[in-house]
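Student: So the protein sequences, as listed, match chains A and B.
Sequential numbering of the first sequence, starting at 495, is according to the numbering used here.
Sequential numbering of the second sequence, starting at 495, is according to the numbering used here.
Using N, Cα and C, we set each Cβ at its ideal position, and we do this for glycine too.
After the structure tokens below, expect a handful of questions from me.
2 protein chains.
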Amino acid sequence: MQNEPEVVVLRLGHRPGRDNRMTTHVGLTARALGADRVVIAGEASNPKGTIEDITGRFGGPFEVELTDSHRQLLRDWDGAVVHLTMYGLPIQDVEGDIREDHREDHLLVVVGAEKVPFDVYERADYNVGVTNQPHSEVAGLAVFLDRLFEGRELDREWEDADRQVVPKETGKQVEPVDEE
Amino acid sequence: MQNEPEVVVLRLGHRPGRDNRMTTHVGLTARALGADRVVIAGEASNPKGTIEDITGRFGGPFEVELTDSHRQLLRDWDGAVVHLTMYGLPIQDVEGDIREDHREDHLLVVVGAEKVPFDVYERADYNVGVTNQPHSEVAGLAVFLDRLFEGRELDREWEDADRQVVPKETGKQVEPVDEE
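So this is what it looks like as structure tokens:
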């Protein structure tokens, strides 16, 4: 989020076509819940377009990048690396340390699709389980970000939006945003 | 969860084939994060099978049901109905009231796919936005459940599992569960 060290989500294992929707949901979740950027490994121009379209309409800042060399990103990353996996340490036991690291430095959060290569487990400073049950990388990312930011992400400001939702008890209200 | 009023997730708008993976993720997230049951409206035998398979291996209790009359379930539901929607009231403003309701009574949590019929907005006691941004019903459900249970779901016990993950700093460890 603005005025904090950067949080970047790295999406691994994207299979074009098959994973388009899951990868789009990973990216939109990253944006909505306070990350600054998503980097997708592989051929993901379709999810990239959808996420950028939402950012154009509902605001940012939020960036989407594609990479064919995620190993380099992982190797060169300056800051802590968190890998979300059902095999990792319980989030409730490590979130305090991760928050501490993020106060000082950028954070890279890795989410896989199916199998994640073993070198990612080794490179990660934290292998973190949002439960040790099989569920969804989208759900894991969402709970992780909400806990990392301790709910601050729910109040973030959006820049350059051309529309915004007005929260309602019942029904839908969307209004245009006039920026000076 | 065991020893608490029931939490049931109702998945609306499932389109067979197209939504199989998202609906599966909704169900697995519901299970992993403390709900007792998922009810899927429509033809969803494929997601049902996957979710039951995971429950068989990693434990329960957790139930999966299909319905072709979700209107009846909504009408007859005895307890509060929460509808997760980007148009609703901010979760941080209403979660306290919902927790209070759930202390006394069962809770039905509705998540849609694409368009949700207007009568659901009207029937809901709470239309709740996990942000007012477009992202993912899986992410919204995950954050909602984590806040509803205030993290208790991360420590829930699993019954009748035949295997369990042993949390590890690095790598993967799964062990068989011997129950007496």
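If you draw a straight line from the C-alpha of Asn-626/A to the C-alpha of Phe-612/B, how long is it?
Tutor: Cα to Cα, Asn-626/A sits roughly 37 Å from Phe-612/B.
Student: Could you tell me whether the region 556-570 of chain A touches the region 525-537 of chain A, using the rule of 3 or more Cβ pairs below 8 Å?
Tutor: Short answer: they touch.
Student: Quick check on the DSSP output: the alpha helix (DSSP H) that includes Asn-540/A runs from which residue to which?
Tutor: Segment 539-552, the alpha helix (DSSP H) holding Asn-540/A.
Student: Going by C-alpha to C-alpha distance, which of Gly-645/B, Ala-607/B, Arg-641/B and Glu-663/B sits closest to His-519/B?
Tutor: It is Ala-607/B.
Student: Can you tell me whether Val-660/B is buried or exposed? The criterion is at least 16 other CB atoms within 10 Å of its CB, across all chains shown.
Tutor: Label assigned to Val-660/B: exposed.
Student: Which residue or residues does DSSP assign as beta-bridge partners of Pro-611/B?
Tutor: According to DSSP, which records beta bridges pairwise, Pro-611/B is partnered with nothing at all.
Student: Would you please verify whether the beta carbon of Gly-665/A is less than 7 Å from any beta carbon of chain D?
Tutor: Note that chain D does not occur in the displayed structure, where the protein chains are A and B.
Student: Would you list, in sequence order, the uninterrupted beta strand (DSSP E) runs of no fewer than 3 residues that lie entirely inside the region 576-657 of chain A?
Tutor: Within the region 576-657 of chain A, the complete beta strand (DSSP E) runs of at least 3 residues are 601-605 and 620-623.
Student: Any C-beta of chain A sitting closer than 7 Å to the C-beta of Pro-541/B?
Tutor: For Pro-541/B, the answer is no, since every Cβ of chain A falls outside 7 Å of its Cβ.
Student: Leaving out five residues on either side along the sequence, give the residues of the same chain with a beta carbon under 8 Å from the beta carbon of Thr-523/A.
Tutor: Val-632, Leu-635, Ala-636 and Leu-639.
Student: Let me see if you follow: with CB-CB separation under 7 Å, is Ile-548/A close to chain B or not?
Tutor: Yes, Ile-548/A counts as interfacial toward chain B.
Student: Helix, strand or coil for Ala-524/B, going by three-state DSSP, please let me know.
Tutor: If DSSP states are grouped into helix, strand and coil, Ala-524/B belongs with the helices.
Student: For a test of your reading of the model: does the CB of His-508/A fall under 6 Å from any non-hydrogen atom of the ligand GTP? Yes or no.
Tutor: Ligands in the displayed structure: none, and consequently the ligand GTP is not present.
Student: If we cut at 7 Å on Cβ distances, does His-508/A have a partner in chain B?
Tutor: Output row for His-508/A: interface = no.
Student: Taking just the CA atoms, how far does Tyr-581/A sit from Gly-553/B?
Tutor: Whole-angstrom Cα-Cα distance: 16 Å.
Student: Would Val-605/A and Leu-583/A qualify as a contact pair, given that the criterion is a beta-carbon distance under 7 Å?
Tutor: Their beta carbons are not under 7 Å apart, which means Val-605/A does not touch Leu-583/A by this criterion.
Student: Out of Glu-594/B, Trp-571/B and Gly-623/B, state which residue places its alpha-carbon closest to the alpha-carbon of Leu-602/B.
Tutor: Measuring from the Cα of Leu-602/B, the nearest candidate turns out to be Trp-571/B.
Student: Mark Asn-497/A as exposed unless 16 or more other C-beta atoms lie within 10 angstroms of its C-beta, in which case mark it buried.
Tutor: Asn-497/A is exposed by the Cβ-count criterion.
Student: Secondary structure at Leu-567/A, three-state DSSP: helix, strand or coil?
Tutor: In the structure shown, Leu-567/A sits in a helix (DSSP, three-state: H, G or I).
Student: Under 8 Å between beta-carbons, which chain B residues line up against Arg-515/A? List them in chain order, please.
Tutor: The answer, in chain order, is Arg-515 and Met-516.
Student: Please state if the CB of Leu-504/B and the CB of Val-533/B are separated by a distance shorter than 7 Å.
Tutor: Contact flag set, yes.
Student: If the cut is a Cβ gap below 8 Å, which residues of chain A does Ile-585/B touch?
Tutor: Under the 8 Å cutoff, chain A gives Leu-648.
Student: Mapping the DSSP letters down to three states, classify Thr-664/B as helix, strand or coil.
Tutor: Coil, per DSSP.
Student: Hey, Asp-530/A and Val-501/A are a contact pair by Cβ (cut 8 Å); roughly how many whole angstroms apart?
Tutor: Yes, Asp-530/A and Val-501/A are in contact; Cβ-Cβ is about 6 Å, under 8 Å.
Student: Considering only the alpha carbon of each residue, which of Arg-551/A, His-596/A, Glu-651/A and Thr-544/A lies closest to Pro-670/A?
Tutor: Of Arg-551/A, His-596/A, Glu-651/A and Thr-544/A, the residue nearest in Cα terms is Arg-551/A.
Student: Name the chain B residues that come within less than 7 Å of Glu-616/A, Cβ to Cβ?
Tutor: Those are Thr-664, listed as they occur along chain B.
Student: Indicate whether Phe-556/B and Arg-525/B have their beta-carbon atoms separated by less than 7 Å.
Tutor: Cβ distance < 7 Å, so Phe-556/B and Arg-525/B count as in contact.
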